[in-house]
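Below is one structure; the comments refer to it alone.
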DNA sequence: GACCAGGCACATC
DNA sequence: GATGTGCATGGT
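In the numbering used here, the protein residues as written are 104 to 322.
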């Protein structure tokens with residue numbers, strides 16, 4: 104399995120190149136993006152983040168002071184704007200109370216403990232927590248998402264029942280705990296996942312299937 | 001006009 | 001513990 108994971112990584116990297124994740128100018132921006140992108144296309148999240156920047160409220164203290172109504176209005180393009188406003192507020196509250204909104208202080212905490220803390224915040228589940236740990240705080244944690252599961256299941260590498268942590272353990276057990284690799288690997292899987300729908304793609308990047316057989320794999 | 005997107009919490013059985 | 005449902009916009 105270790106060899107297989109390495110091989111898939113090489114194939115993805117050779118096919119797509121570096122993905123430069125996570126796009127964002129600050130740790131805080133990445134954290135906000137992680138919450139906003141829940142079940143939402145990144146394109147819509149970008150619009151929401153642009154709004155926050157335009158109104159100069161993309162900072163913990165500013166966003167904390169912004170009313171829910173106003174916050175919801177700004178993040179509207181990202182969808183689920185009421186629920187995400189509440190989730191942002193919960194997260195900001197956590198940031199302020201536990202770390203005085205100091206990212207460095209946060210990054211200094213033991214990864215496992217920090218993960219537990221994040222999961223206790225209402226609105227932050229495993230993927231959002233791990234995205235924050237890996238992409239905002241550079242912690243060696245592998246992020247699993249719907250694409251990862253779908254790709255690995257369809258290539259027969261995991262079974263249908265495998266849950267988030269089963270899949271995460273697979274990567275964490277067999278890969279070197281390297282932030283750069285974890286970062287790139289997940290980004291590449293998302294990239295491949297997005298290619299699913301492109302019927303024009305003649306062949307799979309990570310397996311020998313082509314043409315109709317390839318289309319069937321992703322049907 | 002249907003279908004989907006880088007989830008999560010909560011209700012119900 | 002498993003399964004279903006609400007949340008909402010914008011692109012294809």
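Ideal Cβ placement from N, Cα and C applies to all residues, glycine included.
Own chain residues within Cβ distance below 8 angstroms of residue i, not counting five before or after
i	result
residue 245	233, 237, 271, 274, 275, 278, 285, 288 and 289
residue 214	236, 242, 243 and 244
Where residue i falls, given that 16 or more other Cβ within 10 Å makes a residue buried
i	result
residue 141	buried
residue 52	Outside the displayed span of the chain (104 to 322) sits residue 52, for which this structure offers no information.
residue 209	buried
residue 230	buried
residue 172	exposed
residue 222	exposed
residue 249	exposed
residue 216	exposed
residue 283	exposed
Distance between beta carbons of residue j and residue i, contact taken as under 8 angstroms
i	j	result
residue 296	residue 253	7 angstroms
residue 194	residue 138	6 angstroms
residue 293	residue 267	Actually they do not touch by this definition, with Cβ atoms about 16 angstroms apart.
residue 184	residue 291	Incorrect: roughly 30 angstroms between the Cβ atoms, too far for contact.
residue 105	residue 309	Not a contact, Cβ separation roughly 16 angstroms.
residue 220	residue 192	Residue 220 to residue 192, Cβ: 17 angstroms. No contact.
Opposing strand residues paired with residue i [DSSP bridges]
i	result
residue 306	313
Own chain, CB closer than 6 angstroms to residue i, minus 5 neighbours either side, in chain order
i	result
residue 174	188
residue 307	317
Beta-carbon contacts of residue i that lie in its chain and below 7 angstroms, excluding the five residues immediately before and after
i	result
residue 167	195 and 199
residue 121	287
(request) Report yes or no: do three or more beta-carbon pairs, one from the segment 157-165 and one from the segment 123-141, lie closer than 8 angstroms? (result) yes
(request) Indicate whether the contact test is met: 3 or more Cβ pairs, each with one atom in the segment 174-191 and one in the segment 145-155, closer than 8 angstroms. (result) yes
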